[in-house]
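Residue numbers (the working numbering), protein chains in the order written: chain A, 77 to 535; chain B, 5 to 178.
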Amino acid sequence: MLNKLIVIDMYTFSSKLKTFSFILMAVGLLGIGYGFLTAPKDIQEVENLLAADSHGGHGEVQHEVSNSSHKENEVAAEHKETTDAKEATEHKEHLTHVLHQLQNKPWAALYVACIFFLLISMGVLAFYAIQQVAQAGWSPVLFRVMQGITAYLPVGSVLFFIFLVLCGLHFNHLFIWLDPEVVAHDKIIQTKSGYLNFPFWIVRAAIFLFGWNLYRYYSRKNCLAQDEATDNNLYKKNFKISAGFLVFFIVSESIMSWDWIMSIDPHWFSTLFGWYVFASFFVSGITMITMVTLYLKSRGYLEHVNTSHIHDLAKFMFGISVFWTYLWFSQFMLIWYANIPEEVTYFITRIQLYNLPFFGAVVMNFLFPILILINTDFKRITWVLVMAGIVILLGHYIDFFNMIMPGTVGDRWFIGISEIASVLFFLGLFIYVVFTALTKAPLLPKRNPFIEESKHFHY
Amino acid sequence: MSNKVIYAIYNDDDILMDAVKKTRAAHHHIEEVFTPFPVHGLDKAMGLAPTRLAICAFIYGLLGLSFGTWMMNYIMIQDWPQDIGGKPSFSYIENMPAFVPIMFEETVFFAAHLMVITFYMRSKLWPFKQAENPDVRTTDNHFLMEVAINDNEEELVSFFKNTGAVEVKVIEKQ
């Protein structure tokens, strides 16, 4: 791995990988289209679907409790002695409810993949900004890799913003508080509507996405210009804007997590939710840096990246995985212990209806990484890291799935064509954008003041 | 066989590292290196076997985890069943989330303390033990390399003078 003779500074996007990314996007688009086309159009179709289902009885079907317009339905469903007329309306209400969930499903699948890849590039951007502010000596040889991955941010931001606008235009019901009909019958959402309303929500999203992209643009520009500079002014400038960005980021990130994820369950709240979401995409971002670095190294690039750099990245993967678990458990334990009905519904839904993904995420994001990456030698072995990285990335996709799906599709969840196709599409787009960006600049920031230290980083 | 050794004294860790590498390359046997602070990479440069302390720490952690589990089960479930916060399930697994912080702390406690004790035992350190470092300056700002002599005193002295040592001494060891 280290004794490649040919030294290449500029990366060329191999046609194989490019074709692969196009195939992923094409397959993804087909699958996404299939998901939308096969979603039921009316309650007649839902009725047929439910009849075909083995567990047809509507009293057994669990509802997402936060969906309060149907709360009465669920409570009523437990009373067996209801009149026929009432049963008929309930049945219709239930069918409408399931229809909404099934119509939401392809949208929710798209949303999970869309926000996941957007936030991976944000995780990398945050990691990069921390390296700049810490004036880290080990990481400058990896800066161009990080900048390559964050090149997905503008693309991902535009797609994500369009998605949010479509939500506001009622193309879907992912955010039930956007539906005036729901809000009219829901006192809890009414009290929050000063914050949770479409104009304010979309303006916040615009400000955050714009702010993050602004930092990315100038930070990369300065870093590239520093290559030809004769002094360290641009480097110092990057230090300052990175510090400013991190302050903006940690505030906007918290609000972003409430706006884009927590408000899907608008009755529920958790005060450490921002940190929890951050830990999830931060570890995913670091894992992505490792994976892209290992790929480039396997192709003979990044000659100055040695096993010590890889080892450090693996330590971060390990450490932040534990950090994620700490927050996962902190959020769970306090709510479990207090057992307050409006809080604990969040976990009851997940444990009863999402048992496998809910606990599976802990196995993939905690047990597996901690057992495989605790060993020092393993942190330097490429195939171990690739395997651990794939599990961590899948695990955090599941984590986002667990955060978003229960409030949007309830018990109608399934990792099927819509979900897989959405991931494939965004993965293809991500690969295409990231590796195209990597060809645009030399892979070594040669005039970074710490570049010598970084090249000789060894322990 | 004489018990003669060379004490080569350095005043910089980078010079020491280079000297250690040169000494190893020249196949002289390094008995020990005394430094005022841990020098990164020195163990590798000296060719010492990798430490197994990490494996011990992992095992001690598992031991602590088991102890924590046993302890909470004994205290809270078996010996005097507790009803805390309306959770009188009297079953370990159903109350487990409440015990996780204690199990975690026991894991850390066992791993940390037993690892330090193991380290002291392996390093043959105990309270009131006489210091082994041959020169008090190695606790301040000097680095000392001890190298065995095998009838090549002259050669070694000149060799170490060339490695940047500030002082080269020949000592008869007891």
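Note that CB positions come from ideal geometry on N, CA and C, so glycine has one too.
None of the values given here were measured: they were computed from a predicted structure.
Worksheet item: So ALA184 (chain A) and LEU250 (chain A) are in contact, right, with Cβ under 8 Å, and what is the actual spacing, rounded?
Response: 6 Å
Item to complete: Under the assumption that PHE477 (chain A) contacts LEU100 (chain A) (Cβ atoms under 8 Å), give the Cβ distance between them as a whole number of angstroms.
Response: About 19 Å; that fails the 8 Å criterion.
Worksheet entry | Own chain, CB closer than 8 Å to VAL462 (chain A), minus 5 neighbours either side, in chain order | MET367 and LEU370
Fill in: Test: TYR352 (chain A) CB closer than 8 Å to a CB of chain B
no
Worksheet item: Would TRP412 (chain A) count as contacting chain B if we go by Cβ distances under 8 Å?
Response: yes
Practice prompt. For SER97 (chain A), count neighbouring Cβ atoms within 10 angstroms of its own Cβ and tell me buried if that reaches 16, exposed if not.
Written response: buried
Discussion item. DSSP three-state label for SER91 (chain A), please.
Written reply: helix
Worksheet item: Is the CB of TYR87 (chain A) under 8 Å away from at least one CB in chain B?
Response: no
Worksheet entry | Distance, PHE526 (chain A) Cα to THR143 (chain B) Cα | 32 Å
Item to complete: Quick one: residues in its chain with C-beta nearer than 6 Å to the C-beta of VAL43 (chain B), no 5 flanking neighbours on either side, listed in chain order?
Response: ASP17
Practice prompt. Using a Cβ cut-off of 8 Å (strictly closer), state whether THR458 (chain A) contacts chain B.
Written response: no
Fill in: Contacting positions in the stretch 15-37 of chain B - beta carbon closer than 7 Å to chain A
none
Practice prompt. Scan the stretch 43-57 of chain B for residues whose Cβ lies nearer than 7 Å to a Cβ of chain A and list them as they occur along the chain.
Written response: HIS44 and GLY45
Fill in: Residues in the stretch 444-455 of chain A having any Cβ partner in chain B nearer than 9 Å
ILE450, ASN451, THR452 and ASP453
Fill in: Exposure label - ASP475 (chain A); buried when at least 16 CB within 10 Å
buried
Worksheet item: Which of the three DSSP states, helix, strand or coil, is assigned to MET86 (chain A)?
Response: coil
Worksheet item: Along chain A, in chain order, which residues have C-beta atoms closer than 7 Å to that of ALA115 (chain B)?
Response: Chain A residues near ALA115 (chain B): none, gap ~12 Å exceeds 7 Å.
Practice prompt. Taking all protein chains shown into account, decide if TRP74 (chain B) is buried (16 or more other Cβ within 10 angstroms of its Cβ) or exposed.
Written response: exposed
Worksheet item: Taking C-beta to C-beta, are LEU272 (chain A) and TRP253 (chain A) nearer than 8 Å?
Response: yes
Item to complete: Assuming PHE349 (chain A) contacts GLU329 (chain A) (C-beta within less than 8 Å), just tell me the rounded distance between them.
Response: In fact, because the Cβ distance is near 11 Å, the residues do not count as touching under 8 Å.
Fill in: Spatially closest choice to ILE468 (chain A) from A:MET481, A:ILE448, A:THR452 and A:ASP453, by CA coordinates
A:ILE448
Discussion item. Nearest by alpha-carbon distance to ILE79 (chain B): which of B:ARG28, B:ALA135, B:SER95 and B:ASN166 is it?
Written reply: B:SER95
Discussion item. Short of 9 Å Cβ to Cβ, which residues in the stretch 404-432 of chain A face chain C?
Written reply: Looking for chain C here will not work: the only protein chains present are A and B.
Worksheet item: Ordered along the chain, which non-local residues of its own chain (more than five positions away) have a Cβ less than 8 Å from that of HIS146 (chain A)?
Response: Residue confidence for HIS146 (chain A) is low, a pLDDT of 49 falling below 50, so the modelled location carries little weight; the figure read from the coordinates is stated next. Once the five neighbours on either side are set aside, the close Cβ partners of HIS146 (chain A) are HIS139, GLU169, HIS170 and HIS173.
Discussion item. Contact between the stretch 507-523 of chain A and the stretch 215-227 of chain A is defined here as three or more beta-carbon pairs at a separation below 8 Å; is this criterion met?
Written reply: yes
Worksheet item: On the three-state DSSP scale, how would you describe ILE175 (chain B)?
Response: strand
Item to complete: Please state whether DSSP places PHE38 (chain B) in a helix, a strand or coil.
Response: strand
Worksheet item: Is DSSP giving ILE340 (chain A) helix, strand or coil here?
Response: helix
Fill in: Short Cβ contact (8 Å threshold) for ILE13 (chain B) with LEU148 (chain B)
yes
Worksheet entry | Backbone secondary structure at PHE490 (chain A) - three-state DSSP | coil
Fill in: Residues of its chain near VAL209 (chain A), where Cβ-Cβ distance is below 8 Å and the 5 sequence neighbours each way are ignored
PHE315, SER318, ALA319 and LEU322
Practice prompt. For the beta strand (DSSP E) holding LYS8 (chain B), just list the boundary residues, first then last.
Written response: 8-14
Item to complete: Excluding the 5 residues preceding and the 5 following ARG28 (chain B) in the sequence, name in chain order all residues of the same chain whose CB lies nearer than 8 Å to its CB.
Response: ILE34, ALA49, MET50 and GLY51
Practice prompt. Measure the Cβ-Cβ separation of PRO182 (chain A) and PHE284 (chain A) and say whether it is below 8 Å.
Written response: no
Worksheet item: Along chain A, which residues have their Cβ under 9 Å away from the Cβ of ALA102 (chain B)?
Response: MET409, TRP412 and TYR413
Worksheet entry | Residue-chain proximity (GLY90 (chain B), chain A), Cβ-Cβ < 8 Å | yes
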